[in-house]
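Remarks on the structure that follows.
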Amino acid sequence: MDDEIYFIFQTPVRILKFFGLWINKKSSIFYKVYGILVHLLFFEIYGFFMTMYLTKSHGLAIYAEVMSLLPAYFSCAIKTINFMTRVDEIEELFMMIKNCAKDFEIDRKFRKDLIEVNWMYKAFWGGATFSVLLTIVSTLLSQTISVRMWFPFEVDTPFRFWIVVIIQNLNSLSYTAVNMAVVIFPVFFMCYIAGLFELLCKQLESLKEQSSLKLSVMQKPKIPNQTVVIVKPKEPTNREKLLKCIEIHLKIIELVRKVQKLFSTVIFIEGLISTFVLCTTSFLLTIISPQMQTVIFLKVFFLLMTWLLQILLPCYYSERITCLSGELSTSLFHSDWMMENREYQKLVVFFMQNAKRPIKMSALGIFEIDLETFMKIANTAYSFYAVFKRSDVKKKHGKRHHE
21 MDDEIYFIFQ
31 TPVRILKFFG
41 LWINKKSSIF
51 YKVYGILVHL
61 LFFEIYGFFM
71 TMYLTKSHGL
81 AIYAEVMSLL
91 PAYFSCAIKT
101 INFMTRVDEI
111 EELFMMIKNC
121 AKDFEIDRKF
131 RKDLIEVNWM
141 YKAFWGGATF
151 SVLLTIVSTL
161 LSQTISVRMW
171 FPFEVDTPFR
181 FWIVVIIQNL
191 NSLSYTAVNM
201 AVVIFPVFFM
211 CYIAGLFELL
221 CKQLESLKEQ
231 SSLKLSVMQK
241 PKIPNQTVVI
251 VKPKEPTNRE
261 KLLKCIEIHL
271 KIIELVRKVQ
281 KLFSTVIFIE
291 GLISTFVLCT
301 TSFLLTIISP
311 QMQTVIFLKV
321 FFLLMTWLLQ
331 ILLPCYYSER
341 ITCLSGELST
351 SLFHSDWMME
361 NREYQKLVVF
371 FMQNAKRPIK
381 MSALGIFEID
391 LETFMKIANT
401 AYSFYAVFKR
411 SDVKKKHGKR
421 HHE
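Under the working numbering, think of the first position of the sequence shown as 21, with each following residue one higher.
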């Protein structure tokens, strides 16, 4: 991978390759079998054990605790299967980005945006990992199994207990790394697309009125009757530059369509599951005492923040794509197109007509990926939290009144 263009993808690609999930047409049979086995052990079987635990009646609080994790495992299983079957197409996206990027001079702002989204990914992954570490601390303090699930054997000895604890925590850390890697891919691609639109806006604004002078004549007095003609390299005309911008615009639109096609399922599952998990974790926050159960409260809180960030990032960068793609017509309008000939002006009008509609990304065509969708999900979770909190306060008040 080219460090300048693809450096933000290096960590998630390495993680997916390590767990056998980067399966392309060049992968060996051994690697494919390894990836399938890892997928079964870390997601399907683990999720099955948690589902079996729910078949017994344990009360609403325990049910909410299990359901704050179980949908995440099953959604990750679906997302990784979708990812594994489309690695070749994702590698084609890398080439499409490279082809688009070579038409521009990558400026400092573009690189800064890539560095920022890379730090967001690290913070995103760090928050989720910290939640797992708090789970480990909670297990050590309480000497109880942190993740409630069914086991095919009785955990009735210290040896079996610690074996289960080690397996659970290794699984949680692995799940976190894989899930963060899969989820961040569409975000990284959206960041690139937004950056390309921004570079295209700058290129359109730079179309200035050109001088008709193409060559200069220099007389050398020391050599009589001789004229030296210096021909300057002919620069592309504004018409040629505009046609190139139109070509780049079509490339970026095709890139958007490809990203939406490949990751629409992933983002749809994120939106659906995140709403449910945010509601269950909000309920858990109402029944956990920050003073008496500080570690558990912090674990659930960081889990909640991770899910919020998980849905915020694609919504934010999709919103940037919408805003920047909508600025293309304005950028071209502010160039010196009125000083050009009629043919050029017709070309400008044609481009502005085709670029006047901002690009809006959607998840399977069901809901748009933007900040408004994020706010709806966050408001839904907060509404559930407020309802549960009021209900809990009424119960406590009723008990005191009864006493």
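Even glycine gets a Cβ: it sits at the ideal position worked out from N, Cα and C.
Source: prediction; values computed, not measured.
Alpha carbon of residue i to alpha carbon of residue j, nearest angstrom
i, j, result
"R377", "F322", "39 angstroms"
"V237", "F370", "Any reading at V237 needs caution, since the residue's pLDDT is 40, under 50, leaving its predicted position unreliable; the model's value is listed next. Distance between the alpha carbons of V237 and F370: 39 angstroms."
"T400", "M381", "22 angstroms"
"V315", "T301", "15 angstroms"
"Y26", "F114", "8 angstroms"
"Q280", "V203", "14 angstroms"
"V185", "W42", "28 angstroms"
"I183", "F173", "12 angstroms"
"S284", "P178", "46 angstroms"
"F205", "E290", "13 angstroms"
"Y402", "K129", "36 angstroms"
"L61", "E225", "54 angstroms"
"E64", "K76", "20 angstroms"
"R277", "L384", "12 angstroms"
"F394", "A214", "19 angstroms"
"F317", "Y83", "17 angstroms"
"N119", "D127", "16 angstroms"
"P32", "F38", "10 angstroms"
"H59", "K52", "11 angstroms"
"C299", "S48", "42 angstroms"
"L324", "L154", "14 angstroms"
"Q30", "E112", "16 angstroms"
"L270", "M116", "12 angstroms"
"L282", "I397", "23 angstroms"
"K264", "D133", "25 angstroms"
"Y66", "R410", "35 angstroms"
"F404", "T306", "10 angstroms"
"T159", "I389", "38 angstroms"
Spatially closest choice to residue i from the options, by CA coordinates
i, options, result
"F201", "T393, V407, G146", "Sequence inspection shows Ala at residue 201; the Phe mentioned does not correspond to that position. Nearest of T393, V407, G146 to A201, Cα basis: G146."
"F171", "M70, K281, V58", "M70"
"K142", "Q223, I28, H354", "I28"
"V137", "I65, S95, Y212", "Y212"
"I156", "L190, R128, F130", "L190"
"L329", "L227, T159, W139", "W139"
"I266", "A406, N374, V407, M104", "N374"
"M358", "T159, M169, S48, L227", "L227"
"M372", "L324, L262, F144", "L262"
Residue i - partner residues in DSSP beta bridges
i, result
"E388", "S382"
Whether residue i touches residue j by CB criterion (8 angstroms)
i, j, result
"C335", "L391", "yes"
"T196", "T149", "yes"
"I187", "V175", "no"
"N44", "V286", "no"
"L333", "V207", "yes"
"L193", "I272", "no"
"V320", "I331", "no"
"V198", "I98", "no"
"G79", "G55", "no"
"L57", "V167", "no"
"E85", "L304", "yes"
"S355", "M210", "no"
"F288", "I386", "yes"
"T326", "F144", "yes"
Residue-chain proximity (residue i, chain B), Cβ-Cβ < 8 angstroms
i, result
"N199", "You won't find chain B in this structure, because it holds only one protein chain."
Counting pairs of beta carbons, one from the region 56-75 and one from the region 87-102, are three or more of them closer than 8 angstroms?
-> Cβ pair count under 8 angstroms is three or more, so yes.
Specify whether the region 285-300 and the region 104-112 touch according to this definition: at least 3 beta carbon pairs, one from each stretch, less than 8 angstroms apart.
-> No contact exists between the region 285-300 and the region 104-112.
Count the C-beta pairs between the region 216-224 and the region 123-140 that are closer than 8 angstroms, then say yes if the count reaches three, no if not.
-> Contact annotation: the region 216-224 touches the region 123-140, with at least three C-beta pairs closer than 8 angstroms.
Cβ contact check for the region 303-318 and the region 349-357: 3 or more pairs under 8 angstroms = Short answer: they don't touch.
contact_flag[the region 357-366, the region 256-267] where n(CB pairs < 8 angstroms) is 3 or more | Flag = yes, the region 357-366 and the region 256-267 touch.
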